[in-house]
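Residue numbers (this note's numbering): 560 to 1061. Every residue gets a Cβ at the ideal spot worked out from N, C-alpha and C, and that includes glycine. Small disclaimer: the values here were computed from a predicted structure and weren't measured.
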């Protein structure tokens, strides 16, 4: 479950999504949904089950050591509490879940092999025995929930006054104002030092995994975002093209770390797609959030809590996508669009009912919009098939080449080229196959075709330089190697000449 990755990451929960911050987001969203379920499930036993699951969800969030996950927990649960009529009970339930997770968290902290994911039987044994404190914490959470339910059912007196006070809009506005003032004071007091630590290029390795939660380092994000802004300044209207941030990073970075994404959906959209594409991405996310909030405001009491939970899920994703790249993980994108789609459907139904009540009939226009939406969805799905087929054919070509079947390898690469003739990867594969057969003129020609489709990719110039060098075209090889070095001046392997990068 826990794996140690690149420098500075340490042992963090990567399973099942492959990235600890993505898992942290799912856990934060999951905690908010468990809170909603604990109050508003139509099935009694499911309300209890939601609270029983909550300590495990919070423990999983802890094991990610993810500040982004912690932020998603605050945003999702905070939004749900603010929008809910039962906010005092939701806060109490969240506290119960945290208390239930505490024994297992303390156990993990006390067992070094488990916390640090040190390979060996000790970590396996400690992971197994961690189930006992987790089970004890779950039982404690259920006992506390039983007490909370008795307190709620008894009602009246001080409990009733606290509940009514929690539902007072004036109190909510007062809390919001106080929070804003505290935030402003914090920025004034420590904002400069915090930004210095956030933007520092030096990675400070924590002495223990849980110290990740207290770090202010941005783990390179300030540099990722600076490159995105600088690249946008180069082509603000048209952008550099989808998927090209990594090439901008190679050329503009001030550190040697290889990076593919800007760690911000919105900045990367402006960098790659230009002002129009960036605004469209912002409009998409903003419209879904605005529609969700409108659906919540117009809902009756029964649906209002559900819409609050769905809006909280959408908001947590939208905030998280501003500071990380996990929006590219299909599971998380699906969660956002499922929640957003449900809210849009609810809002459309509300507007249709209002229109029907005003006109005395339903003009049926919403069905036309639904059909048009389905058509667009299918067209989009079909458009995504092409890249999948290309990847499959390229992988098949590589496997065939590894087995020595160059005829089949070339056939698969040509199939990929016919599926997406505008893509660079099929031409790269054909060039590499020609190089294997010592057909250097053909190899150079294929790489030239790839470069015409992906001009900012330093690796293509390096590969063509290597093939030109092997074919005796030394002047052209030196020119291409120089261009590769210009496009990626901090790539150390290019210092090794024509064979330096493999």
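For residue 829, which residues of its own chain have a beta-carbon under 6 Å away from its beta-carbon, when the five flanking residues on both sides are left out? Around residue 829, the same chain offers 791, 837 as residues with beta carbons nearer than 6 Å, after the five sequence neighbours per side are excluded.
First and last residue of the uninterrupted beta strand (DSSP E) at residue 572: Element bounds for residue 572: 570-572.
When you compare the CB positions of residue 880 and residue 947, do they come within less than 8 Å of one another, or not? no
Go through the region 814-884 residue by residue and report every complete run of the alpha helix (DSSP H) that reaches 4 residues or more, in order. 824-857, 860-879
What three-state label does DSSP hand residue 794 in the structure shown? coil
Nearest residue (CA-CA) to residue 945, options 929, 980, 643: Comparing Cα positions, the closest option is 980.
Among the residues of its own chain, which have a CB less than 7 Å from the CB of residue 616, if the five just before and after it don't count? 586, 589, 590, 593
State the CB to CB distance for the pair residue 757 and residue 777, rounded to an integer number of angstroms; the pair is presumed to be in contact (CB under 8 Å). 4 Å
For residue 888, the three-state DSSP class (helix, strand or coil): coil
When you compare each of 613, 707, 1013, 667 to residue 692 by their alpha carbons, which one comes out closest? 667
For residue 645, which residues from the same chain have a beta carbon less than 6 Å from its beta carbon, with the 5 sequence-adjacent residues on both sides left out? 598.
I'd like the span of the alpha helix (DSSP H) that includes residue 985, first residue to last. Residue 985 -> alpha helix (DSSP H) spans 984-995.
Segment limits, alpha helix (DSSP H) that includes residue 775: That residue, residue 775, is in no alpha helix (DSSP H); it is neither H nor E in DSSP.
What residue does the alpha helix (DSSP H) around residue 1058 start on, and which one ends it? Counting along the chain, residue 1058 falls outside any alpha helix (DSSP H), and DSSP gives it neither H nor E.
With a CB to CB cut of under 7 Å and the five nearest residues on each side skipped, what residues in its chain are close to residue 870? Answer for residue 870: 638, 642, 851, 852, 855, 902, listed in chain order.
May I have the straight-line CA-CA distance separating residue 884 from residue 647, to the nearest angstrom? Their Cα atoms are separated by approximately 34 Å.
Going by C-alpha distance, which of 627, 786, 987 is nearest residue 816? Ranking the options by Cα distance to residue 816, first place goes to 786.
With 16 as the cutoff for other CB atoms within 10 Å, does residue 876 come out buried or exposed? buried
Quick one: what does DSSP say residue 517 is sitting in, helix, strand or coil? Because the chain spans 560 through 1061 in this model, residue 517 falls outside it and cannot be assessed.
Hey, could you find the ends of the alpha helix (DSSP H) residue 608 is sitting in? 603-623
Answer with buried or exposed for residue 634, where buried requires no fewer than 16 other C-beta atoms within 10 angstroms of its C-beta. buried
Buried/exposed call for residue 1047, threshold 16 Cβ in 10 Å: buried
Taking residue 582 and residue 619 to be in contact with their CB atoms under 8 Å, please state how far apart those CB atoms are, rounded to whole angstroms. 7 Å
So the candidates are 694, 652, 650; which of them puts its Cα closest to the Cα of residue 664? Selected option, being the one with the closest Cα: 694.
Where does residue 1137 sit, in a helix, a strand or coil, going by DSSP? This structure cannot settle anything about residue 1137, because the visible part of the chain is limited to 560 through 1061.
CB-CB under 6 Å to residue 1051, same chain, minus the five flanking residues each way: which ones, in chain order? none
Using C-beta distances below 6 Å, list every residue in its chain close to residue 983, excluding the 5 sequence neighbours before and after it, in chain order. 1009, 1012, 1013
Tell me whether the beta-carbon of residue 975 lies closer than 8 Å to the beta-carbon of residue 985. yes
With a CB to CB cut of under 7 Å and the five nearest residues on each side skipped, what residues in its chain are close to residue 653? So the qualifying residues of the chain are 594, 636.
In three-state terms, what does DSSP make of residue 732? It is helical.
Beta carbon of residue 1006 nearer than 8 Å to that of residue 1022: yes
Which residue marks the beginning of the alpha helix (DSSP H) containing residue 1039, and which one marks its end? 1033-1046
Can you check whether the C-beta of residue 975 is within less than 8 Å of a C-beta belonging to chain C? Here there is only one protein chain, and chain C is not present.
Please state the DSSP three-state secondary structure of residue 637. helix
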